[in-house]
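Counting from 1, position 279 in the sequence shown corresponds to residue 261 in our numbering; the numbering is continuous, with no gaps.
Backbone N, C-alpha and C define an ideal beta-carbon position, used for all residues, glycine too.
See structure below.
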Amino acid sequence: MTKLVRGFRDILAPQSDYFTEIESAARRVFKLAGADEIRIPTVELKELFVKSTGDTTDIVQKEMYSFEDAGGRTLALRPEGTPGVVRAYIENNFAANSPVQKLFYIGNMFRAERPQAGRYREFEQIGLEYIGSAAPAADAETILILKDIVTAFGIKNYSVKINSLGCPECRPAYKQELVKYLKKDFDALCDKCKERLERNPLRVLDCKIDGPRIAANAPKQKLCATCVEHFEEVKNLLNGRIDYTVDENLVRGLDYYTRTVFEFQAGDGAQNAIAGGGRYDGLVKSMGGPQVPAVGFAMGVERAIAARGEIAPKTENKIFVISLDKTCNAKAFEIMYSLRVKNICADGGLFDKNLKTQLKAADKAGAAYALLLGPDELAKNIFTLRDFKTGSQKEIKFENIYTEVKSLL
Ligand code: ATP
Ligand code: MG
């Protein structure tokens, strides 16, 4: 038998219901905020991610599923949504026509990471890219939209961290200072961080092994006056609307962030981030578009579901249609299907099985009632309705089926 590929999963009910639930909650919140859905392709040219996600990131360095297609192009399965959305923004010439865009996406992402709880090779993200506004209000709005989705889905225990990484004016000096500090105790760094020091020193603060230890004593970013003003305004707009803490050591894993970054966390451990995001004012331009500022987030759906816990979604009360004899099958099928057409959840149809098996299936399916049709019933133009909860039965005339059933559910 051919088995599932390691790190990939089948998502079965009720898990699959939780996905639908969070996606619906997100869609409601996005619509209220005036965001439009964008559906981007799963596959892009690999270079798109190398250029945007950044070739110093773990994602590009070792987590990408890339391959050559028959036409000799080097493609990759998307590891995140932002590059595709920004590419679409540029290619569709939004900047010239309607530069301010709130675009949301819901889709699966692929990263060849070591599989573990909360870390999969295919996972789902719900994300927003608010492109075209440099205003602190856009940062605040983005964070509040994320909060609204998280609360609408029913996650209660989460915390929010925010920080500002500065801009091309003030960050280079900080990077230098940080490198100098880290070099003093180079040998104490983990192997990964030794590499990061060269490629992307800020990421050392985000190391899952000794990030917290280093961050505690490392020099802190000194923002320039405009970045301070921007960050203050973001915080003012958030105050009273969301609980958050400023974490000066919060850096995010991607290369493109500027100024505001944030993370929503639930619980502890290396897989505690349910969502993250930030401002990326330089990305659109660096990808070949005009100078357009932007801010966005991506939420990990699996982690959000784990953070909320399993709450069985409300199931619709259903009717299970049972036929007791070959001669009754056509009528039973007709009723089953006509109930569905009238918006009533009707299951069943296992007419080649005996009564006991059909009743067992009804129980498994969680049906509240069964409609039974045998030769006696058929002769009298009735169904027998069985209430599984009380065990009681009654007869219903064919022509009254719809109204009777409707009144029960
Ligand atoms: P982490 O530090 O946990 O690796 P990240 O910085 O790589 O996260 P982002 O690229 O910002 O994460 O993605 C946003 C969110 O997507 C994360 O906060 C997380 O909830 C989720 N996520 C990222 N990678 C995975 C994965 N391999 N499996 C499941 N969810 C993931
Ligand atoms: Mg990661």
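Residue i: CB within 7 Å of a non-hydrogen atom of the ligand ATP
| i | result |
| --- | --- |
| TYR47 | no |
| GLU62 | yes |
| PHE105 | yes |
| TYR87 | no |
| ILE131 | no |
| MET281 | yes |
| TYR102 | yes |
| ALA257 | yes |
| GLN(-3) | no |
| ARG69 | no |
| GLN203 | no |
| GLN253 | yes |
| GLU95 | yes |
| ARG285 | yes |
Residue i CB to nearest heavy atom of the ligand MG below 7 Å
| i | result |
| --- | --- |
| ASP345 | no |
| ASP121 | no |
| ASP167 | no |
| GLY235 | yes |
| ASP40 | yes |
Distance between beta carbons of residue j and residue i, contact taken as under 8 Å
| i | j | result |
| --- | --- | --- |
| SER146 | PHE213 | 4 Å |
| PHE279 | LEU128 | 5 Å |
| VAL11 | ILE131 | 5 Å |
| ALA350 | PHE370 | 6 Å |
| LYS84 | MET269 | Between MET269 and LYS84 the Cβ distance is about 19 Å, and since that is not below 8 Å, they are no contact. |
| ALA197 | LEU187 | 5 Å |
| ILE88 | ALA8 | 7 Å |
| ALA344 | ALA352 | 5 Å |
| ILE383 | ILE317 | 6 Å |
| GLU215 | PRO118 | 4 Å |
| SER320 | GLN247 | The Cβ separation is near 51 Å, so there is no contact. |
| LYS388 | ILE364 | About 17 Å; that fails the 8 Å criterion. |
(Q) As an exercise, report each continuous beta strand (DSSP E) stretch of at least 3 residues that is fully enclosed by the stretch -3 to 59, in chain order. (A) 25 to 27, 48 to 50, 56 to 59
Q. Counting pairs of beta carbons, one from the stretch 58 to 70 and one from the stretch 259 to 277, are three or more of them closer than 8 Å?
A. yes
Q) Fully enclosed by the stretch 241 to 328, which alpha helix (DSSP H) runs are 4 residues long or longer? A) 265 to 268, 283 to 290, 311 to 323
Q.
Quick check: the stretch 225 to 239 against the stretch 75 to 93, are at least 3 beta-carbon pairs closer than 8 Å?
A. no
Q: Tell me, please, whether the stretch 319 to 333 touches the stretch 287 to 295 by the rule of three or more beta-carbon pairs shorter than 8 Å.
A: no
Q: May I ask you to verify whether the stretch 126 to 141 touches the stretch 95 to 107, counting CB pairs closer than 8 Å and requiring at least 3?
A: no
Q: Examine the Cβ distances between the stretch 236 to 247 and the stretch 26 to 46 and report whether three or more of them are shorter than 8 Å.
A: yes
**Q.** Three-pair Cβ contact test at 8 Å for the stretch 13 to 33 versus the stretch -12 to -5
**A.** no
Q.
Any contact between the stretch 42 to 49 and the stretch 182 to 190? By contact I mean 3 or more CB pairs, one from each, below 8 Å.
A. no
(Q) If contact is defined by three or more beta carbon pairs under 8 Å, each pair taking one atom from either stretch, is the stretch 159 to 177 in contact with the stretch 280 to 288? (A) no
Q: Would you list, in sequence order, the uninterrupted beta strand (DSSP E) runs of no fewer than 3 residues that lie entirely inside the stretch 79 to 117?
A: 83 to 92, 104 to 113
Q) At what residue ranges does the stretch 112 to 180 contain a whole run of the beta strand (DSSP E), taking only runs of 3 or more? A) 141 to 146
**Q.** Ranges of the alpha helix (DSSP H) found wholly within the stretch 189 to 229, counting only runs of at least 4
**A.** 193 to 199, 207 to 220
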